[in-house]
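Q:
Numbering (the numbering used here), first residue to last: 1432 to 1614.
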């Protein structure tokens, strides 16, 4: 069972899509992630790309993020995200879209982020493509961070020009990578 770890929605249980198409971020990984980012979340604009069940988006909202977006291409995932957002009475913009189209849409709307969380399917090479597009479209606010969840047994994706890897933490089968803009 997935639950919100802290903040105004602490303890709220979330639904997860059935089957193995999504891989929800474990409670302990989310807790560690938000402990690392605790001073950056309040008032932040956050994107949960490849959102799955919306747990990262809802955790950010629960911890005081100003504006939160949850995006996934799967209609089953979007249905679950919308249900979780509704059950939590959270003000989160939910988008059903391919990740590249979503990033281009944010750019055309002038939306920029303080925190972008990326949790694509592990073996499909989408992390590097998403990071490159985020840099190309200048979607990070100054001082912002991209966090990627990857398979701990694999190699970290190559860091695109414009970002530097600032932290790398392993949690069981998952690894969290933190990228910030080069200064």
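Glycine is no exception: its CB is placed at the ideal position from the N, C-alpha and C atoms.
#1: Do the region 1461 to 1469 and the region 1511 to 1527 make contact, defined as three or more Cβ pairs closer than 8 Å?
#2: Going by beta carbon distance, what residues of the same chain come within less than 8 Å of residue 1458, once the five residues before and after it are set aside?
#3: Is residue 1531 buried or exposed, if buried means 16 or more other CB atoms sit within 10 Å of its CB?
#4: Alpha helix (DSSP H) containing residue 1611: first to last residue?
#5: Looking at C-beta atoms only, is the number of pairs between the region 1490 to 1500 and the region 1555 to 1566 that lie closer than 8 Å three or more?
#6: If you check the beta carbons only, do residue 1500 and residue 1479 fall under 8 Å apart?
#7: Rounded to the nearest angstrom, how far is the Cβ of residue 1548 from that of residue 1578, given a contact under 8 Å?
#8: For residue 1439, collect the residues of the same chain with a Cβ closer than 6 Å to its Cβ; drop the 5 residues on either side in sequence, then sort them by chain order.
#9: So what's residue 1484 in DSSP terms, helix, strand or just coil?
#10: Taking all protein chains shown into account, do 16 or more other C-beta atoms lie within 10 angstroms of the C-beta of residue 1604, making it buried, or fewer, making it exposed?
#11: Give me the residue from 1537, 1512 and 1503 with the minimum Cα distance to residue 1529.
#12: Which partner residues of residue 1389 appear in the DSSP bridge assignment?
#13: Which word fits residue 1461, buried or exposed, when buried means at least 16 other C-beta atoms lie within 10 angstroms of its C-beta?
#14: Judging by CA-CA distance, which residue of 1470, 1593, 1442 and 1443 is the nearest neighbour of residue 1570?
A: For this structure:
#1: Touching, no.
#2: Shown here for residue 1458: same chain residues with a beta carbon closer than 8 Å to its own, the five before and five after excluded, namely 1433, 1434 and 1436 in chain order.
#3: Flag for residue 1531 reads exposed.
#4: Run containing residue 1611: none in the alpha helix (DSSP H); it sits in the beta strand (DSSP E), 1605 to 1612.
#5: Contact check between the region 1490 to 1500 and the region 1555 to 1566: fewer than three CB pairs, one atom from each, fall below 8 Å, which does not count as touching.
#6: Less than 8 Å divides the Cβ of residue 1500 from the Cβ of residue 1479.
#7: Taking a contact as a CB-CB distance under 8 Å, the pair residue 1548 and residue 1578 counts as one, their CB atoms being some 5 Å apart.
#8: Excluding sequence neighbours, residue 1439 sits near 1493.
#9: Coil at residue 1484, not helix or strand.
#10: Around the CB of residue 1604, fewer than 16 other CB atoms lie within 10 Å, so the residue is classed as exposed.
#11: Cα-wise, what sits closest to residue 1529 is 1503.
#12: The question about residue 1389 has no answer here: the residues shown for the chain are numbered 1432 through 1614.
#13: Counting other Cβ atoms within 10 Å of its Cβ, residue 1461 reaches 16 or more and is therefore classed as buried.
#14: Of 1470, 1593, 1442 and 1443, the residue nearest in Cα terms is 1593.
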